[in-house]
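Participant: Heads up: the sequence shown begins at 1 in full-length UniProt numbering, then just goes up one per residue.
Every residue gets a Cβ at the ideal spot worked out from N, C-alpha and C, and that includes glycine.
As the structure is a computational prediction, the values presented were derived from the model and not from experiment.
Got a structure here, written out as structure tokens. Questions coming.
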Amino acid sequence: PPANTGDPGSVGYSPWGHKELDTTEPLTPSLSVSKCVKVPISPLRFPTREYHCHSRFTLERIEAPSVAGWGSPARPPLSWPFCLQGMYNATTRQVETELLPCLQHFGLRFYAYNPLAGGLLTGRYQYEGKDGKQPLGRFFGNSWAEVYRNHYWKEHPFQAVALVGKALEAAHGARTPGATSVALCWTHHHCQLQGAHGDAVTLGTSSLEQLEENLAATEEGPLEPALVGAFDQAWRLVAHDCPNYFR
């Protein structure tokens, strides 16, 4: 498998990424175990504006998450990452303001993660039930749960989810499609990503069944205008408190 320096369980893991001038150190153990000499894509955590990358291994792609849009053009073209990764979903759209136009201007790709807002857009969580029994997932039962709650566990995001839910019921009645399916349809048909230019959506999964369901949702057609409008209204409701896409 490809080297993965972003997973605490992986060989060669570095908690905050690569040293400024060298990607070799964190990649060496992983490449040795996997017997690979080429890395399809490697994440660069917390890059600086002066970052330069060198390694004795072949790096086909560099992925730099959480970079501010105004920071990208300052880099010499040859040292730019291949793509940037950031939070992007129907109720987390801060990247649309400046980052996506910047990347599209310079021909860089954007890989969106959190298409379901950590699971909030599935509709299975209740704002008032934070201190009660909750299903395990992004918000509860793992080391990143507090980070995700700080991002999304606020009154307005839950109001936004309820708003979309009402629009779903009005549009489909008793045959309402799942909230997960609708949120993924928005990401694949109504956002500002450009698949033809290499933009992509990262789908996380906790089981094969969940992966199959999410992949099936990406094959569904565009949403009705009323639902697209409901997502736009939901975004306006939470935009003032949207978590920053950059660190």
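For R138, is the classification buried or exposed, using 16 other Cβ atoms within 10 angstroms of its Cβ as the cut-off for buried?
Facilitator: The residue you call residue 138 lines up with position 138 of the sequence shown. So R138 counts as buried.
Participant: Spatial neighbours of H240 within its chain, please: CB distance less than 7 Å, with the 5 preceding and 5 following residues excluded, ordered by chain position.
Facilitator: The residue labelled residue 240 in the question sits at position 240 within the sequence shown. Counting only Cβ-Cβ distances below 7 Å, and skipping sequence neighbours, we find nothing.
Participant: If you scan the UniProt domain "NADP-dependent oxidoreductase" (82–235) from start to end, which runs of the beta strand (DSSP E) of 3 or more residues do you find wholly inside it?
Facilitator: Segments of the beta strand (DSSP E) lying fully in the UniProt domain "NADP-dependent oxidoreductase" (82–235): 83–87, 109–113.
Participant: Is F110 buried or exposed, if buried means 16 or more other CB atoms sit within 10 Å of its CB?
Facilitator: Mapped onto the sequence shown, residue 110 falls at position 110. F110 is buried by the Cβ-count criterion.
Participant: With DSSP run on the structure shown, which of helix, strand or coil describes P29?
Facilitator: Along the sequence shown, read from residue 1 onward, the residue named residue 29 stands at position 29. P29: helix per DSSP, three-state reduction.
Participant: Within 9 Å (strictly less), CB to CB, does R149 reach chain B?
Facilitator: Although the question refers to chain B, the structure presented lacks it and comprises just one protein chain.
Participant: Consult DSSP for V238 and reduce its assignment to one of helix, strand or coil.
Facilitator: As a position in the sequence shown, residue 238 is number 238, starting the count at 1. If DSSP states are grouped into helix, strand and coil, V238 belongs with the helices.
Participant: Figure out for me which residue from A174, E224, H190, N214 has the closest Cα to the Cα of E96.
Facilitator: Counting from one through the sequence shown, the residue named residue 96 turns up at place 96. Nearest option by C-alpha distance: H190.
Participant: Taking just the CA atoms, how far does A174 sit from L84?
Facilitator: The sequence position of residue 84 within the sequence shown is 84, counting from 1. The sequence position of residue 174 within the sequence shown is 174, counting from 1. Taking the straight line from one Cα to the other gives about 40 Å.
Participant: Rounded to whole angstroms, what is the Cα-Cα separation between V161 and G107?
Facilitator: Translated into positions along the sequence shown, residue 161 becomes position 161. Translated into positions along the sequence shown, residue 107 becomes position 107. Their backbone Cα atoms lie some 34 Å apart in a straight line.
Participant: Round the Cβ separation of A183 and L227 to the nearest angstrom and send it over; I've been treating them as touching at under 8 Å.
Facilitator: Taking the first residue of the sequence shown as position 1, residue 183 is located at position 183. Taking the first residue of the sequence shown as position 1, residue 227 is located at position 227. Actually they are not in contact, since the Cβ atoms of A183 and L227 sit about 10 Å apart, beyond 8 Å.
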